[in-house]
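Peer 1: Numbering (the numbering used here), first residue to last: 3 to 324. For glycine and all other residues, C-beta sits at the position ideal for the given N, C-alpha and C. Structure below; questions to follow.
Here it is as structure tokens:
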């Protein structure tokens, strides 16, 4: 098969479309013929040499894909060759074929075409596992998501609104904030000129991709019994945490990731995917939550897709069609 390979750590030009060995499904695995994949910030870090894949995982980047089932490994039930699927991956999406643990496979949700479906698994599993399974966002609460114009943010806005929450977002321009409002955001904060603590007031749940740079203000904005969930480190990895503020609010701070979780277990990727299929996929099928795709490029233009994401020129997701 052919796949995007990383010649050496570096800029977008190190991504090459090359021949690599075909993967073969083992016990409990499914071989998927890839229709499309999507670009995530983790892919950029991997290309730069800062985020190697888990041990035993292919070096081909790509944390999600859509396509059709090409073959079933021993012991797999519930799927047939030819089924249209999308999948959460630990790597390998930028390729013609990829092997997926069966518990990480999802049907393409109703009303979504096969290519657009590639933009859903990573954001859906990230948002659902953190905002719902961990932080327990419920109707009537206030939810703040930083980076509201990104892939995670555009999806989180819609999920939170579907759950009945008041939604606040930060983004870097009036245009991007206006598009967040179209998705359902109620409170719009331009992080370049406004203080989100003053604008939001109190948030019951905060989903943060900035890490250290926002840590103290995120604690400030938490309501009593508030929950801060950190999923990124774009603003640095080390910050000072005021425990006194947390104690006074009975608040909590969590930090989680998906890529290195095991497949099995109560917090494993399989459990997340199962809950996404049961509870979130109906929201997608009835239109309450929809894919937000900024552009679709051929997979051979993966370097151009990385440049666009690095340049802050993307609203939602960039999809690579294979």
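Is the beta carbon of residue 231 closer than 8 Å to that of residue 137?
Peer 2: Residue numbering aside, residue 137 sits at position 135 when the chain shown is read from its first letter. Residue numbering aside, residue 231 sits at position 229 when the chain shown is read from its first letter. The answer is yes: Cβ separation under 8 Å.
Peer 1: To which residues of the same chain is residue 198 closer than 6 Å at the C-beta, ignoring the five residues directly before and after it?
Peer 2: For this step, residue 198 is matched to residue 196 along the chain shown. Excluding residues within five positions, the ones whose Cβ falls inside 6 Å are 172 and 191.
Peer 1: Please say whether residue 167 and residue 141 have beta carbons closer to each other than 8 Å?
Peer 2: Position 139 of the chain shown holds residue 141. Position 165 of the chain shown holds residue 167. Contact: yes.
Peer 1: Please work out which residues of its chain come closer than 6 Å, Cβ to Cβ, to residue 292, disregarding the five sequence neighbours upstream and downstream, and give them in chain order.
Peer 2: Translated into the one-based positions of the chain shown, residue 292 becomes position 290. For residue 292, where only same-chain residues beyond five positions count, there are no Cβ hits under 6 Å.
Peer 1: Just mark residue 68 as buried or exposed, buried being the case when its beta carbon has 16 or more other beta carbons within 10 Å.
Peer 2: The count along the chain shown starts at 1 and reaches residue 68 at position 66. When all chains shown are included, residue 68 counts as buried.
Peer 1: How close, in whole Å, do the beta carbons of residue 66 and residue 90 come, if the pair is a contact with beta carbons under 8 Å?
Peer 2: The residue labelled residue 66 in the question sits at position 64 within the chain shown. The residue labelled residue 90 in the question sits at position 88 within the chain shown. Between residue 90 and residue 66 the Cβ distance is about 6 Å, and since that is below 8 Å, they are a contact.
Peer 1: Around the Cβ of residue 12, are there at least 16 other Cβ atoms within 10 angstroms (buried) or fewer (exposed)?
Peer 2: Here the question's residue 12 lines up with position 10 in the chain shown. Residue 12 comes out exposed.
Peer 1: Go through the segment 114–199 residue by residue and report every complete run of the alpha helix (DSSP H) that reaches 4 residues or more, in order.
Peer 2: Fully enclosed alpha helix (DSSP H) runs of 4 or longer: 123–129, 153–164 and 176–185.
Peer 1: Using a threshold of 8 Å, state whether the C-beta atoms of residue 146 and residue 208 are closer than that.
Peer 2: Taking the chain shown and counting its residues from 1, one reaches residue 146 at position 144. Taking the chain shown and counting its residues from 1, one reaches residue 208 at position 206. The answer is yes: Cβ separation under 8 Å.
Peer 1: Contact check, residue 328 vs residue 19 under 8 Å by CB: the rounded distance?
Peer 2: Outside the displayed span of the chain (3 to 324) sits residue 328, for which this structure offers no information.
Peer 1: Within 10 Å of its beta-carbon, does residue 160 have 16 or more other beta-carbons around it, so buried, or fewer, so exposed?
Peer 2: As a working note, residue 160 is residue 158 in the chain shown. So residue 160 ends up on the buried side.
Peer 1: Can you give, in chain order, each stretch of the alpha helix (DSSP H) that sits fully within the segment 292–324 and has at least 4 residues?
Peer 2: List check, alpha helix (DSSP H) in window: 304–312.
Peer 1: In the DSSP output, which residue or residues are listed as bridge partners for residue 231?
Peer 2: Working through the chain shown from its first residue, we reach residue 231 at position 229. 209 and 256.
Peer 1: For residue 267 versus residue 106, is the C-beta spacing smaller than 8 Å?
Peer 2: In the chain shown, the residue the question calls residue 267 occupies position 265. In the chain shown, the residue the question calls residue 106 occupies position 104. No. Outside cutoff.
Peer 1: Per the contact definition of three or more C-beta pairs closer than 8 Å, is the segment 73–84 in contact with the segment 24–39?
Peer 2: Contact holds: three or more Cβ-Cβ distances are below 8 Å.
Peer 1: Decide if the segment 242–260 is in contact with the segment 208–226; the criterion is three or more beta carbon pairs, one per stretch, under 8 Å apart.
Peer 2: Touching, yes, given that three or more Cβ pairs across the two stretches are closer than 8 Å.
Peer 1: Can you check which of these residues, 285, 304 and 306, is closest to residue 114 by C-alpha distance?
Peer 2: For the purposes of this step, residue 114 is taken as the residue at position 112 of the chain shown. Of 285, 304 and 306, the residue nearest in Cα terms is 285.
Peer 1: Write down the C-beta distance between residue 95 and residue 64 rounded to the nearest angstrom, noting that I regard them as a contact closer than 8 Å.
Peer 2: Reading the chain shown from its first residue, position 93 is the one you call residue 95. Reading the chain shown from its first residue, position 62 is the one you call residue 64. With 8 Å as the limit, residue 95 and residue 64 qualify as a contact, their Cβ atoms being about 2 Å apart.
Peer 1: Just the C-alpha distance for residue 104 and residue 275, rounded to the nearest angstrom, thanks.
Peer 2: Mapped onto the chain shown, residue 104 falls at position 102. Mapped onto the chain shown, residue 275 falls at position 273. In a straight line, the C-alpha of residue 104 is about 10 Å away from that of residue 275.
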